[in-house]
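Novice: Got a structure here, written out as structure tokens. Questions coming.
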Amino acid sequence: MEKHEPLFKDARQWIKETSQSCSAVAVLVATVVFAAAYTIPGGANDNGFPIFLDNPIFIVFTVMYVVALCNILAVCIFALVEFPLYVAVKGCVRTILKTLKKIIPRFLLN
54 MEKHEPLFKD ARQWIKETSQ SCSAVAVLVA TVVFAAAYTI PGGANDNGFP
104 IFLDNPIFIV FTVMYVVALC NILAVCIFAL VEFPLYVAVK GCVRTILKTL
154 KKIIPRFLLN
């Protein structure tokens, strides 16, 4: 174990630097997603449905929006990686992820 201590230090440093870089990009994406959540392209009709609902480009927009929401989740996870008490909350993170795995399919199917 002592033989590999320099490798562990290098790995910790690499993870920290990578998470900082990815966090910066993901925060920028999250900013755009937040704006897109309130401005649906084309607006809505009298019933409240998007005007471009049947347009294939709108479907692409919706898929990309979901991908961006996953990016926001990545921001949260990278923030936890940088958090010094990550080891203490690792069990809590596992519980949250298990709960999300159960809740998200139910939310999408309703």
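So the numbering used here is basically just the index in the sequence shown, starting at one, shifted up by 53. Just so you know, even glycine gets a beta-carbon here, dropped at the ideal spot from N, CA and C.
(1) Sort out for me which residues DSSP pairs P103 with in a bridge.
(2) Tell whether a beta-carbon distance below 8 Å holds between A83 and I149.
(3) Going straight from the alpha carbon of L161 to that of K56, what length do you get?
(4) Would you decide whether V128 is buried or exposed? Buried here means 16 or more other CB atoms lie within 10 Å of its CB.
(5) Could you tell me if F131 is buried or exposed, where buried requires 16 or more neighbouring beta carbons within 10 angstroms of its beta carbon?
(6) May I have the straight-line CA-CA distance separating F105 from V120, to the nearest angstrom?
(7) Among I93, L81 and C145, which residue has its Cα nearest to the Cα of P103?
Specialist: Concretely, from the data shown:
(1) Reading the sequence shown from its first residue, position 50 is the one you call residue 103. The bridge partners DSSP lists for P103 are A97.
(2) Walking along the sequence shown from the start, residue 83 turns up at place 30. Walking along the sequence shown from the start, residue 149 turns up at place 96. No, the pair does not count as a contact, with Cβ atoms beyond the cut-off.
(3) The count along the sequence shown starts at 1 and reaches residue 161 at position 108. The count along the sequence shown starts at 1 and reaches residue 56 at position 3. Each residue's alpha carbon lies about 49 Å from the other.
(4) In the sequence shown, the residue the question calls residue 128 occupies position 75. Taking all protein chains shown into account, V128 has 16 or more neighbouring C-beta atoms within 10 Å of its C-beta and is therefore buried.
(5) The residue labelled residue 131 in the question sits at position 78 within the sequence shown. Around the C-beta of F131, 16 or more other C-beta atoms lie within 10 Å, and the residue is accordingly described as buried.
(6) Your numbering for residue 105 matches position 52 in the sequence shown. Your numbering for residue 120 matches position 67 in the sequence shown. In a straight line, the C-alpha of F105 is about 20 Å away from that of V120.
(7) Looking up residue 103 in the sequence shown gives position 50. Of the candidates I93, L81 and C145, the one whose C-alpha sits nearest the C-alpha of P103 is I93.
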